[in-house]
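Chemist: First residue of the sequence shown? That's 0 in numbering that gives the first Met the number 0, and the numbers climb one at a time after it. Built from N, CA and C at the ideal position, the CB exists for glycine as well.
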Amino acid sequence: MAEKIDEKKVTPRSQDFAAWYNDLIIRAELADYSPVRGCIVFRPDGFAIWEHLRDELDRRIKKTGARNAYFPLFIPQSFLQKEAQHVEGFAPEVAVVTHGGGKELEEPLIVRPTSETIINHMFAQWIHSHRDLPLMVNQWCNVVRWELRTRPFLRTSEFLWQEGHTAHATREEAERETLTMLEVYRGFVEDYLAIPLVYGRKSAAERFPGAEETYTIEGLMPDGRALQCGTSHYLGQNFAKAFEIRFLDETNQLQHPHQTSWGVSTRLLGAIVMAHGDDQGLRLPPAVASTQVVIVPIWRKAEEGENVLVAARSIRHSLEQAGVRVRLDEREGLTPGFKFNDWEMRGVPLRIEIGPRDVAAGEVVMARRDIAGPPGKSKAPIAQAAERSTAVLAEIQKNLYQQAKAVADQNTRRFDDYGKLSAQMQGEGGGGLADIHWCGNPECETKIREETRATCRAIPLNQDGAPGKCIVCGESAKERAFFAKAY
Ligand code: ZN
0 MAEKIDEKKV
10 TPRSQDFAAW
20 YNDLIIRAEL
30 ADYSPVRGCI
40 VFRPDGFAIW
50 EHLRDELDRR
60 IKKTGARNAY
70 FPLFIPQSFL
80 QKEAQHVEGF
90 APEVAVVTHG
100 GGKELEEPLI
110 VRPTSETIIN
120 HMFAQWIHSH
130 RDLPLMVNQW
140 CNVVRWELRT
150 RPFLRTSEFL
160 WQEGHTAHAT
170 REEAERETLT
180 MLEVYRGFVE
190 DYLAIPLVYG
200 RKSAAERFPG
210 AEETYTIEGL
220 MPDGRALQCG
230 TSHYLGQNFA
240 KAFEIRFLDE
250 TNQLQHPHQT
260 SWGVSTRLLG
270 AIVMAHGDDQ
280 GLRLPPAVAS
290 TQVVIVPIWR
300 KAEEGENVLV
310 AARSIRHSLE
320 QAGVRVRLDE
330 REGLTPGFKF
340 NDWEMRGVPL
350 RIEIGPRDVA
360 AGEVVMARRD
370 IAGPPGKSKA
380 PIAQAAERST
390 AVLAEIQKNL
400 YQQAKAVADQ
410 NTRRFDDYGK
420 LSAQMQGEGG
430 GGLADIHWCG
440 NPECETKIRE
450 ETRATCRAIP
460 LNQDGAPGKC
470 IVCGESAKER
480 AFFAKAY
């Protein structure tokens, strides 16, 4: 089985983006298909990326004041019915448990597609006074949504995520929290995952079921399709009313709190693969790479090997001391060329090559994964290997963002003419991101969706305010919006 996978070539990205993506995930051993349709297995190399990502985001979430908790996987089916839009949005994709312990259950249980209902049921028991607010919890867990068409990481029936849920005394405070989390997500994805984003409000049609306002961060992938990378919802008092959450305010009046929820998922792994990968394999941002630097020792004659390995081990030690996640590839019987290809496929950001002549000269060769071929190579004195590695890793993190930004910018276009927008969306490739004036009328949005398959991805928060005409109906439009075909 392993041999079969080793022989398998990755489809060139330019030839078939979707096949390239699937091949890369298998070949780089991030994930594998499971016997259960629509579910995937996270292999250790894939899960390690999730762990780095999770740990950093968890730190940033806690800084905002939220604390982690854990709620049950099973939710009484009746809970879902309590918020009308919520049930309508989720019922079609909910998995239902009807039997347990060999008996039919009195009330079926749903497997959580998201946890608003059970968390708010508990909030109703914990919130009584304005002193109990704000209440801010976050949960890292799995959720299940019965998907018909699935893609590893991007859309799977079971996925991992974090979901934050907060309750506040006032509308202003809850709205502020919604935007705070949007900014936490934006900063995290751009800085840490090196993925450029657009962000803003969702249109009413694209809102989370039960939310009054949904905010989103969206990444434009190199194939010209947008990927929703995270959302933050202002829920108003909808769930508070449905679940009878009430508190006594400072004047002893009973009030419903204002609420938010926000989440990102293992979909971000798919974003990393697509935004940065190339035909040679993954290219991981150093921040999330489980191996940031790999040292490949090179020698032919056995007597040279000893010296090279001694030097390589001392370099590994100095990198470890500097806090770099480093691996020394001492595998025998494999050529340096095979090892180079192997680590490139796995996306290791920086490779250090060291052979007998380098040892004699007191230096190493450093090869960057973000810049192919000779331009990405440089020499460094062995004594400075750790210091130089740290500096180069920081450059790689920035450069991957710049490269992805250049591709996204190339695929972002302003349109004032509906015919041109339509031709662009129906042409080759994903169509890119269209920046257009839209009057806000759902009928115009529907026409765009039905005729071009592009949907409203985000309405930017900072508008230049320049007046314009809706690209569909020609009525005056105060705002511009981003439309694209989406994953
Ligand atoms: Zn219009």
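(1) Within a Cβ cutoff of 8 Å, which residues of the same chain sit near residue 65, ignoring the five residues on either side of it in sequence?
(2) Closer than 6 Å to a non-hydrogen atom of the ligand ZN - does that hold for the CB of residue 474?
(3) Sort out for me which residues DSSP pairs residue 455 with in a bridge.
(4) Put residue 139 into one of helix, strand or coil per three-state DSSP.
(5) Which residue from 438, 455, 361 puts its Cα closest to that of residue 476?
(6) Please state the DSSP three-state secondary structure of residue 39.
(7) Just mark residue 114 as buried or exposed, buried being the case when its beta carbon has 16 or more other beta carbons within 10 Å.
(8) Quick one: residues in its chain with C-beta nearer than 7 Å to the C-beta of residue 381, no 5 flanking neighbours on either side, listed in chain order?
(9) Among 345, 336, 304, which residue has its Cα nearest to the Cα of residue 359?
(10) Nearer than 6 Å: is that true of the beta carbon of residue 142 relative to any heavy atom of the ligand ZN?
(11) Where residue 100 and residue 76 are concerned, what is the direct C-alpha to C-alpha distance, given to the nearest angstrom?
(12) Is there contact here, the stretch 114-130 with the stretch 239-247, by at least three beta-carbon pairs under 8 Å?
(13) Name the one or two DSSP bridge partners that residue 217 has.
(14) Measuring only from the beta carbon, is residue 461 closer than 6 Å to any heavy atom that is part of the ligand ZN?
(15) Which partner residues of residue 376 appear in the DSSP bridge assignment?
(16) Per DSSP, residue 434 forms a beta bridge with which residues?
(17) Is the beta carbon of residue 351 less than 7 Å from the beta carbon of residue 296?
(18) Could you tell me how far apart the beta carbons of residue 489 and residue 176 are, in whole angstroms, since I believe they sit closer than 8 Å?
(19) Using only the heavy atoms of the ligand ZN, determine whether one of them is closer than 6 Å to the beta carbon of residue 323.
(20) Please find out if some non-hydrogen atom of the ligand ZN comes closer than 6 Å to the beta-carbon of residue 438.
(21) What residue ranges within the stretch 68-150 form continuous beta strand (DSSP E) runs of no fewer than 3 residues, ordered along the chain?
(22) How big is the Cα-Cα spacing for residue 510 and residue 384?
(23) Does residue 285 come out as helix, strand or coil in the three-state DSSP assignment?
(24) Would you call the CB atoms of residue 391 and residue 327 closer than 7 Å?
(25) Does residue 408 pass the burial test, meaning 16 or more other C-beta atoms within 10 Å, or should it be called exposed?
(26) Considering only residues of the stretch 270-339, which uninterrupted beta strand (DSSP E) runs meet the minimum length of 3 residues and lie entirely inside it, listed in chain order?
Modeler: Put simply:
(1) For this step, residue 65 is matched to residue 66 along the sequence shown. Annotation for residue 65: 135, 136, 137, 163, 165 place their beta carbon closer than 8 Å to its own, counting only its chain and skipping 5 residues before and after.
(2) Numbered from its first residue, the sequence shown carries residue 474 at position 475. Yes - the ligand ZN has a heavy atom lying nearer than 6 Å to the Cβ of residue 474.
(3) The count along the sequence shown starts at 1 and reaches residue 455 at position 456. The partner list for residue 455 (beta bridge, DSSP) reads 482.
(4) On the sequence shown, position 140 is the one that residue 139 refers to. Three-state DSSP puts residue 139 in a strand.
(5) What you label residue 476 is simply residue 477 of the sequence shown in a count that begins at 1. Minimum Cα distance to residue 476 is reached at 438.
(6) Indexing the sequence shown from 1 puts residue 39 at position 40. Looking at residue 39 - three-state DSSP - the assignment turns out to be strand.
(7) Position 115 of the sequence shown holds residue 114. Using a 10 angstroms sphere on the CB of residue 114, the tally of other CB atoms reaches 16 or more, which defines it as buried.
(8) Taking the first residue of the sequence shown as 1, we reach residue 381 at position 382. The beta carbon of residue 381 is closer than 7 Å to those of 310, 314, 361, 362, 363 in its chain, skipping five residues each way along the sequence.
(9) Stepping through the sequence shown from its first residue, residue 359 is reached at position 360. If we check each option's Cα against that of residue 359, 304 comes out closest.
(10) What you label residue 142 is simply residue 143 of the sequence shown in a count that begins at 1. No, the ligand ZN has no heavy atom inside 6 Å of this Cβ.
(11) Numbered from 1 along the sequence shown, position 101 holds the residue referred to as residue 100. Numbered from 1 along the sequence shown, position 77 holds the residue referred to as residue 76. About 18 Å.
(12) Judged by Cβ distances under 8 Å, the stretch 114-130 makes contact with the stretch 239-247, as three or more pairs qualify.
(13) In the sequence shown, the residue the question calls residue 217 occupies position 218. In the DSSP output, where bridge partners are listed per residue, residue 217 has 197, 227.
(14) The count along the sequence shown starts at 1 and reaches residue 461 at position 462. With a threshold of 6 Å, the Cβ atom of residue 461 does not count as near the ligand ZN, since no heavy atom of the ligand is closer than that.
(15) By one-based count along the sequence shown, residue 376 stands at place 377. The secondary-structure analysis by DSSP pairs residue 376 across a beta bridge with 366.
(16) Numbered from its first residue, the sequence shown carries residue 434 at position 435. For residue 434, which the question treats as bridged, DSSP gives the partners 413, 481.
(17) Translated into the one-based positions of the sequence shown, residue 351 becomes position 352. Translated into the one-based positions of the sequence shown, residue 296 becomes position 297. Contact: no.
(18) The shown model of the chain, from 0 to 486, leaves out residue 489, and the question about it has no answer.
(19) On the sequence shown, residue 323 is found 324 positions in, with the first residue counted as 1. No.
(20) On the sequence shown, residue 438 is found 439 positions in, with the first residue counted as 1. Closer than 6 Å to some heavy atom of the ligand ZN: that describes the Cβ of residue 438.
(21) Runs of the beta strand (DSSP E) inside the stretch 68-150: 73-75, 94-99, 102-110, 134-143.
(22) The structure shown does not extend to residue 510, since the chain spans only 0 to 486, so no value can be given for it.
(23) Locating residue 285 in the sequence shown gives position 286, where the first residue counts as 1. If DSSP states are grouped into helix, strand and coil, residue 285 belongs with coil.
(24) Residue mapping note: residue 391 aligns to position 392 of the sequence shown, counting from 1. Residue mapping note: residue 327 aligns to position 328 of the sequence shown, counting from 1. Judged by beta-carbon spacing, residue 327 lies beyond the 7 Å limit of residue 391, meaning their Cβ atoms are not closer than that value.
(25) On the sequence shown, position 409 is the one that residue 408 refers to. So residue 408 counts as exposed.
(26) If we require 3 residues or more, the beta strand (DSSP E) runs fully inside the stretch 270-339 come out as 292-296, 325-327.
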